[in-house]
Amino acid sequence: SSSNLSDKCYFDPLPSIPPSTDNRTIPWGEPTIQYANGTTCCSSLDEVRAQLDTIDAQLLQLLSTRASYVREATRFKATSADVNDPSRNQQVIQAAVDAAPSVHLPQIIAQIVYEGIVNSSVLFEECIVSATPIFRSYPFLIV
Ligand SMILES: C=C(O[C@@H]1C=C(C(=O)O)C=C[C@H]1O)C(=O)O
Numbered sequence: 279s280s281s282n283l284s285d286k287c288y289f290d291p292l293p294s295i296p297p298s299t300d301n302r303t304i305p306w307g308e309p310t311i312q313y314a315n316g317t318t319c320c321s322s323l324d325e326v327r328a329q330l331d332t333i334d335a336q337l338l339q340l341l342s343t344r345a346s347y348v349r350e351a352t353r354f355k356a357t358s359a360d361v362n363d364p365s366r367n368q369q370v371i372q373a374a375v376d377a378a379p380s381v382h383l384p385q386i387i388a389q390i391v392y393e394g395i396v397n398s399s400v401l402f403e404e405c406i407v408s409a410t411p412i413f414r415s416y417p418f419l420i421v
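Taking our numbering, I'd label the letters of the sequence shown as residues 279 to 421.
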């Protein structure tokens, strides 16, 4: 089946892609998404994109919640130099790549999305730390 032919696209490394001479009559193949009630998706590109828009709104909410914890992490870092933890970054990215097949997520998507999430989170944290005043006590002035 076509799903067997596309299975290799779920794993890293992707197969090499030959120069394109393709010209298909569209829509080609069969809908690849089946809902619990037996209906399938999708029958137009607009229908696909409406679903993507809904999912993207959900991702945005989750990324917002993640960013709130990324901000919280800065509270445990004394200097901007403490923000970036390359070994933890690699651990987060590799965990996503390793877990991807179990949720039928292409590994190339897991890898590049998580690289983007982690790298942008580091920039966000560096901004917070550098923008936040240091509240000191002044033990030599007081008393
Ligand atoms: C959130 C942290 O700060 C940074 C951002 C990370 C992330 O977005 O997952 C991971 C490690 C750090 O480079 C952390 O130290 O856990």
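Beta carbons: idealized from backbone N, C-alpha and C, even for Gly.
query, result
"I need the DSSP call for C320, collapsed to helix, strand or coil.", "coil"
"Name the residue from L337, Q336, D331, I304 whose alpha carbon lies nearest to the alpha carbon of S321.", "I304"
"Does the distance from the CB of Q369 to the CB of D290 come in under 9 Å?", "no"
"Beta carbon of V400, beta carbon of V375: below 9 Å?", "no"
"Which runs of the alpha helix (DSSP H), 4 residues or longer, sit entirely within the region 308-378?", "323-351, 364-377"
"Helix, strand or coil, according to DSSP, for I295 in the structure here?", "coil"
"Can V407 be considered in contact with ligand 1, in the sense that its beta carbon sits closer than 8 Å to one or more heavy atoms?", "no"
"On the three-state DSSP scale, how would you describe I412?", "coil"
"Under three-state DSSP, which class holds N301?", "coil"
"Taking all protein chains shown into account, do 16 or more other C-beta atoms lie within 10 angstroms of the C-beta of V381, making it buried, or fewer, making it exposed?", "exposed"
"State the DSSP-derived secondary structure class of L283, mapped to helix, strand or coil.", "helix"
"Ligand 1 and I390: does the residue's C-beta get closer than 8 Å to at least one heavy atom of that ligand?", "no"
"Quick one: residues in its chain with C-beta nearer than 7 Å to the C-beta of R349, no 5 flanking neighbours on either side, listed in chain order?", "I406"
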